[in-house]
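**Student:** Protein chains in written order, with my numbering: chain A, 37 to 332; chain B, 90 to 411.
Okay, handing you the structure first.
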Amino acid sequence: MSASTDTAVAVPSALRLFWRSFAENRGAVVGLAIMLLLIVVAALADVTAPHSPIEQFRDHFLTPPSWSPGGTSAFLLGTDDVGRDIFARLIYGARLSLVIGLSVVALSLGAGTVLGLTTAFAGGIVDTVIMRLMDILLVFPSLLLAIVIVAILGPSLTNAMIAVAIVALPNYTRLARASALSEMSRDYVTASRSAGASTLRLMFSAVLPNCTAPLIVQASLGFSSAILDAAALGFLGLGAQPPTPEWGTMLAGALQYYQRAWWVLTFPGVSILVTVLAFNLFGDGLRDALDPKLKR
Amino acid sequence: MTLLMEARDLRRHYPVGGGLFGRKGLVKAVDGVSFRLAAGRTLAIVGESGSGKSTIARMATVMEPPTGGELFIDGKPTANADATGRRNLRLAVQMVFQNPYGSLNPRKTVGSILMEPLAINKRGNRAEREAAARAMMAKVGLRQDQFGRYPHMFSGGQRQRIAIARALMLNPRVVVADEPVSALDVSIQAQVLNLMMDLQEELGLAYLFISHDLSVVRHIADEVLVLYLGRPVEQAAKADIFARPRHPYTQALLAATPSVDPAQRQRTTPVRGELPSPLNPPPGCAFASRCPHAQPRCTADMPALRQVGAALVACHFAETVG
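Structure (structure tokens):
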């Protein structure tokens with residue numbers, strides 16, 4: 037071996053390496069693109085939306101989309117039963133849905149990971165108490181439990197998000213605990229402990245980074261179910277209150293017109309589908325890119 | 090010669106079962122093991138699966154307290170040490186594990202794996218840590234351009250070199266090696282063993298070498314302790330034990346070591362059966378049920394470890410059998 041190969045081959049920066057392996061997955065890039073588009077559109081809703089989401093155009097109840105007979109170019113995707121522009125409502129709804137998804141996932145992922153790691157490391161009575169509490173949460177059907185929590189806290193979008201986060205909590209806790217337990221038995225954790233690492237360091241520096249893959253996938257799936265659950269609560273009058281343009285609430289409110297005006301139902305549904313799909317694709321790619329074992 | 094580790098009648102018992110209605114049992118994983126380990130020396134602990142080898146390793150690295158007996162590290166007792174004291178004792182004893190695929194954090198580069206022990210103990214600044222890690226890499230035969238690589242990019246033998254380097258980062262006095270070469274190819278085994286011996290000579294390390302492979306033990310050990318069901322059955326210098334095994338179990342182990350030379354092969358009846366259950370050990374000698382020389386006395390009295398010639402042997406008939 038020559039001396040030149042001996043002196044450090046340039047190691048590309050971590051971010052570059054990450055992007056290279058992420059970009060190998062086309063679906064993930066498409067997912068990321070849709071996500072970015074949604075975020076930009078939602079953030080700039082005041083500019084991108086053609087109308088106010090709550091303005092009622094009294095002459096235009098249930099106007100079809102602009103390209104079908106009877107549609108006008110003023111309402112790209114038509115209007116709903118009280119004459120509000122669906123396109124504008126969808127754009128403002130994207131804002132809400134992203135906020136709901138992000139906050140629910142952040143809440144339940146953060147709390148669930150900390151709880152799961154704590155139970156895994158503490159063991160004994162702490163483990164038993166926390167995990168039995170999680171079992172109790174799992175016993176109830178998720179929507180029923182969310183309704184009970186909202187009923188206690190009072191109906192509002194914030195309380196609906198808290199309720200959905202609590203309902204999702206056991207999944208993250210159990211997942212974090214299970215992967216932490218399997219990682220803790222690995223020798224590198226013992227090696228770190230014998231080098232004097234504190235329990236907190238073992239938790240967050242040795243064990244947690246090796247547990248992220250299932251948590252990320254769960255989070256990307258949880259994002260979509262959070263939007264759906266919040267929508268269901270909205271449908272029951274316990275989540276976003278009218279006239280808030282939340283996608284799920286729009287879907288629920290349009291249910292009675294589905295035979296007469298397909299667009300009222302279709303566009304919010306397609307929006308939810310595309311958003312959920314984008315986040316799932318992105319989550320998948322993220323997992324593959326974050327796992328060095330899958331790197332070539 | 091400095092005495093680095095001393096075990097006196099070390100015991101580790103685990104309560105098992107119980108449950109709601111079950112009867113509680115007691116597994117004596119290690120029951121009365123004594124040894125002394127000096128700087129620059131290697132003590133090999135030999136035994137089959139379930140004989141308590143790894144339990145001794147966990148006690149020697151201060152991961153688990155012994156339930157009985159005393160353990161001294163560098164002259165300091167490990168019993169009654171508080172959390173900080175145990176942590177400091179731990180630093181003097183580092184470990185090399187059997188499986189090089191599970192013993193390295195897959196998400197850290199070789200460099201950060203080697204620098205981590207220094208970072209945890211706040212030794213030096215980042216540049217000094219990196220210099221120390223690079224120096225250690227050179228010492229164990231890794232190239233400098235491998236500093237930023239991940240463990241999955243290495244072969245088993247190279248990973249074991251990384252594991253050895255990590256164990257040595259804190260300048261430990263004692264290294265506990267739990268079957269460090271049994272997961273490697275035979276050709277790589279020799280390389281890793283020779284590396285360990287070179288490092289021992291250079292740094293004056295003491296090795297507690299745990300193995301079930303007698304050909305490896307013959308290569309590296311100074312002294313050998315043979316374990317059977319948590320109890321030592323024979324303890325002697327390497328030359329003595331290989332030249333003249335006195336306990337029937339040691340004899341059987343040696344006979345079971347494959348040999349290329351047909352003249353070297355000993356003709357002893359192989360040991361039949363399994364290790365008896367540690368939950369319900371037989372009253373007399375634990376080996377009696379499998380021993381070709383067993384007498385009625387063996388199933389009644391437990392033989393004590395006693396001096397026979399140059400060795401310590403736990404057998405009633407060591408003089409006649411050996």
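Ideal Cβ positions, reconstructed from N, Cα and C, are used throughout, including at glycine.
Bear in mind the structure is a predicted one, so any value in this text is a computation, not a measurement.
Considering only residues of the same chain and omitting the five flanking positions on each side of Glu219/A, which have a CB-CB separation below 7 Å?
**Tutor:** By 1-based counting over the first sequence, the position of residue 219/A is 183. Taken in chain order, the residues that qualify are Val225, Val243, Asn246, Cys247.
**Student:** Would DSSP call Gly157/B helix, strand or coil?
**Tutor:** If you number the second sequence from 1, residue 157/B lands on position 68. Residue state, collapsed to three classes: strand.
**Student:** Under the three-state reduction of DSSP, which class applies to Gly273/A: helix, strand or coil?
**Tutor:** Working through the first sequence from its first residue, we reach residue 273/A at position 237. Coil at Gly273/A, not helix or strand.
**Student:** Counting pairs of Cβ atoms below 8 Å between the region 111-123 of chain A and the region 89-100 of chain A, do you hit three or more?
**Tutor:** Yes: the two stretches touch, three or more of their Cβ pairs being nearer than 8 Å.
**Student:** How should Asn195/A be labelled, buried or exposed, when 16 other C-beta atoms within 10 angstroms of its C-beta is the threshold for buried?
**Tutor:** What you label residue 195/A is simply residue 159 of the first sequence in a count that begins at 1. With 16 or more other Cβ atoms within 10 Å, it is buried.
**Student:** Comparing C-alpha positions only, which one of Asn283/B, Gly319/B, Val229/B, Val151/B sits nearest to Ala171/B?
**Tutor:** The residue labelled residue 171/B in the question sits at position 82 within the second sequence. In the sequence as presented, Ala is not what sits at residue 171/B; that position holds Asp. Here the closest residue by C-alpha is Val151/B.
**Student:** Can you tell me whether Ser300/B is helix, strand or coil according to DSSP?
**Tutor:** Taking the first residue of the second sequence as 1, we reach residue 300/B at position 211. Looking at Ser300/B - three-state DSSP - the assignment turns out to be strand.
**Student:** Within 10 angstroms of its Cβ, does Ser109/A collect 16 or more other Cβ (buried), or is it exposed?
**Tutor:** If you number the first sequence from 1, residue 109/A lands on position 73. The residue is exposed, with fewer than 16 neighbouring Cβ atoms inside 10 Å.
**Student:** Any contact between the region 285-292 of chain A and the region 144-160 of chain A? By contact I mean 3 or more CB pairs, one from each, below 8 Å.
**Tutor:** The region 285-292 of chain A is not in contact with the region 144-160 of chain A.
**Student:** Assign Thr41/A to buried or exposed, taking buried as 16 or more other Cβ atoms, counted over all protein chains shown, within 10 Å of its Cβ.
**Tutor:** Reading the first sequence from its first residue, position 5 is the one you call residue 41/A. Below a pLDDT of 50, predicted positions are generally treated as unreliable, and Thr41/A, at 40, falls in that range; no measurement from the model is reported.
**Student:** Any beta carbon from chain A within less than 8 Å of Leu364/B's own beta carbon?
**Tutor:** Here residue 364/B refers to the residue found at position 275 of the second sequence. Answer no: the Cβ-Cβ gap between Leu364/B and chain A never drops below 8 Å.
**Student:** Quick one, which of Met258/B, Glu217/B, Leu282/B, Arg262/B has its alpha-carbon nearest Ala149/B's?
**Tutor:** Your numbering for residue 149/B matches position 60 in the second sequence. That would be Arg262/B, whose Cα lies nearest to the Cα of Ala149/B.
**Student:** Taking all protein chains shown into account, decide if Phe406/B is buried (16 or more other Cβ within 10 angstroms of its Cβ) or exposed.
**Tutor:** Against the second sequence, residue 406/B aligns to sequence position 317. Result: buried.
**Student:** Alpha helix (DSSP H) containing Ala92/A: first to last residue?
**Tutor:** Residue 92/A sits at position 56 when you count from the first residue of the first sequence. Ala is not the amino acid found at residue 92/A; the sequence shown has Gln there. Unbroken run through Gln92/A: none, as it is neither H nor E.
**Student:** Closer than 9 Å by beta-carbon distance: list the chain D residues that pair up with Arg179/B, in chain order.
**Tutor:** The question asks about chain D, but that chain is absent: this structure's protein chains are A and B.
**Student:** For the putative contact between Phe58/A and Gly284/A, defined by C-beta atoms under 8 Å, what is the C-beta separation to the nearest angstrom?
**Tutor:** Your numbering for residue 58/A matches position 22 in the first sequence. Your numbering for residue 284/A matches position 248 in the first sequence. Not confirmed; about 30 Å, so no contact.
**Student:** From Gly270/A to Gln277/A, what distance separates their C-alpha atoms?
**Tutor:** Your numbering for residue 270/A matches position 234 in the first sequence. Your numbering for residue 277/A matches position 241 in the first sequence. Near 7 Å, if we compare the C-alpha coordinates of Gln277/A and Gly270/A.
**Student:** Nearest-angstrom Cα distance between Gly152/A and Leu217/A?
**Tutor:** Within the first sequence, residue 152/A is the residue found at index 116, counting from 1. Within the first sequence, residue 217/A is the residue found at index 181, counting from 1. Cα-Cα distance, rounded: 9 Å.
**Student:** Which same chain residues end up closer than 8 Å to Ile202/B when comparing Cβ atoms and leaving out the 5 residues on each side of it in sequence?
**Tutor:** Reading the second sequence from its first residue, position 113 is the one you call residue 202/B. Leu193, Asn194, Pro240, Ile251, Arg255.
**Student:** Are there three or more Cβ pairs, one per stretch, closer than 8 Å when the region 158-178 of chain B is compared with the region 134-143 of chain B?
**Tutor:** No, the region 158-178 of chain B does not touch the region 134-143 of chain B.
**Student:** Sorted by chain position, which residues of the same chain lie with C-beta nearer than 8 Å to Gly245/B's C-beta, five sequence neighbours on each side aside?
**Tutor:** Position 156 of the second sequence, counted from the start, is the residue given in the question as residue 245/B. Cβ within range, chain order: Pro189, Tyr190, Ala272, Leu273, Asp274, Ile277.
**Student:** Excluding sequence positions up to five away, which residues of its chain have a Cβ less than 8 Å from the Cβ of Ala208/B?
**Tutor:** Position 119 of the second sequence holds residue 208/B. These residues qualify, in order along the chain: Arg218.
**Student:** Which residues in chain B sit within 8 Å of Pro250/A, going by Cβ to Cβ distance?
**Tutor:** Translated into the one-based positions of the first sequence, residue 250/A becomes position 214. Ordered by position in chain B, no residue passes the 8 Å Cβ test against Pro250/A, which lies about 14 Å from the chain.
**Student:** State yes or no: is the C-beta of Ser138/B nearer than 7 Å to some heavy atom of the ligand HEM?
**Tutor:** The ligand HEM is not part of the structure shown, which contains no ligands of any sort.
**Student:** Let me know the secondary structure DSSP gives Phe111/A once reduced to three states.
**Tutor:** In the first sequence, counting from the first residue as 1, residue 111/A sits at position 75. It is coil, neither helix nor strand.
**Student:** Whole alpha helix (DSSP H) runs in the region 163-216 of chain B with 4 or more residues, listed along the chain?
**Tutor:** As far as the region 163-216 of chain B is concerned, its whole alpha helix (DSSP H) runs of at least 4 residues are 172-181, 199-209.
**Student:** Taking only three categories from DSSP, how would you classify Phe259/A?
**Tutor:** On the first sequence, residue 259/A is found 223 positions in, with the first residue counted as 1. Reduced to three states, the DSSP call for Phe259/A is helix.
**Student:** Could you tell me whether the region 92-99 of chain B touches the region 277-289 of chain B, where touching means 3 or more Cβ pairs closer than 8 Å?
**Tutor:** Because the criterion of three Cβ pairs below 8 Å is not met, the region 92-99 of chain B and the region 277-289 of chain B do not touch.
**Student:** Could you pull out every residue in the same chain whose Cβ sits closer than 7 Å to the Cβ of Tyr128/A, ignoring the five residues on either side in sequence?
**Tutor:** By one-based count along the first sequence, residue 128/A stands at place 92. Closer than 7 Å at Cβ, skipping near neighbours: Ala81, Ala85, Pro89, Pro281.
**Student:** Do Leu74/A and Pro304/A have their C-beta atoms within less than 8 Å of each other?
**Tutor:** Residue numbering aside, residue 74/A sits at position 38 when the first sequence is read from its first letter. Residue numbering aside, residue 304/A sits at position 268 when the first sequence is read from its first letter. Not in contact: Leu74/A and Pro304/A (Cβ atoms no closer than 8 Å).
**Student:** How about the region 294-314 of chain A and the region 228-238 of chain A: do they share at least three Cβ pairs that are nearer than 8 Å?
**Tutor:** Result no; under three Cβ-Cβ pairs closer than 8 Å.
**Student:** In chain A, which residues lie less than 8 Å from Gly191/B when you measure between Cβ atoms?
**Tutor:** In the second sequence, counting from the first residue as 1, residue 191/B sits at position 102. Going along chain A in sequence order, the residues near Gly191/B (Cβ under 8 Å) are Arg222, Asp223, Tyr224.
**Student:** Short of 7 Å in beta carbon distance, which residues of its chain neighbour Thr91/B, apart from the five on each side in sequence? Order them along the chain.
**Tutor:** Position 2 of the second sequence, counted from the first residue, corresponds to residue 91/B. Excluding sequence neighbours, Thr91/B sits near Ala127, Ala128.
**Student:** For a contact defined as C-beta to C-beta under 7 Å, what are the partners of Thr150/B on chain A?
**Tutor:** Mapped onto the second sequence, residue 150/B falls at position 61. Those are Ser230, listed as they occur along chain A.
**Student:** Going by beta carbon distance, what residues of the same chain come within less than 6 Å of Thr339/B, once the five residues before and after it are set aside?
**Tutor:** Along the second sequence, one-based indexing puts residue 339/B at 250. Excluding sequence neighbours, Thr339/B sits near Val315, Glu323.
**Student:** How would you list, in chain order, the residues of chain B whose beta-carbon sits under 8 Å from the beta-carbon of Ala156/A?
**Tutor:** Within the first sequence, numbered from 1, the residue matching residue 156/A stands at position 120. What Ala156/A touches in chain B: nothing, since even the nearest Cβ is about 17 Å away.
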